[in-house]
Amino acid sequence: MSLEYKPSLGFVETAGLVIAIQVADAMAKAAEVEIISAHKVDGLRVCVICKGDVAACQAAVETGALLAQSLNGLNGYNIIPSPAEEPDSLMDMLEDIKRKKAARKAAKLTRMAAAKGEAAAPAAEESPKGKAKK
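Quick note: the sequence shown, position 77, residue 95 per the numbering used here, numbers continuous.
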């Protein structure tokens, strides 16, 4: 049985993007960690995720949590010392969840529009901007 190094993961969930940016900066400066994501949870909640060794993640998360708390924007924090999967696999999983959630929302909007007898407009399309009128 070989022991393989897996970086620890640290999470700080904040109430808002601006606080998340400040927290990510403080976490990166506090310890030798890599900020791997600032994941929008829902509404205004943003989760800053870092990876590194256990002690570095602990220091970074404590710093980030204290800063977020001082700004009245701390929702929660956690550290996973030895995740079951590699961080990249976990991030892929989060992205899959985000895509599925968006697809369910689009399908719901399509059903609602069809129920009203309207043609459903794709949510991602926007009107062209910056074109001069003749």
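C-beta: ideal position from N, C-alpha, C; glycine also.
Worksheet item: Between which two residues does the alpha helix (DSSP H) containing VAL72 stretch?
Response: 72-88
Worksheet entry | For ALA77, the nearest candidate out of GLY61, ALA44, LEU62 (CA to CA) | ALA44
Discussion item. Helix, strand or coil, according to DSSP, for TYR58 in the structure here?
Written reply: It should be noted that the sequence gives Lys, not Tyr, for residue 58. LYS58: strand per DSSP, three-state reduction.
Item to complete: Check each candidate in THR128, THR32, LYS116 and name the one with the smallest Cα separation from LEU62.
Response: THR32
Worksheet entry | Pick from ALA131, ALA133, GLY70 that is closest to TYR23, judged by C-alpha positions | GLY70
Worksheet entry | Cβ contact (3+ pairs, closer than 8 Å) linking the segment 33-40 and the segment 83-94 | yes
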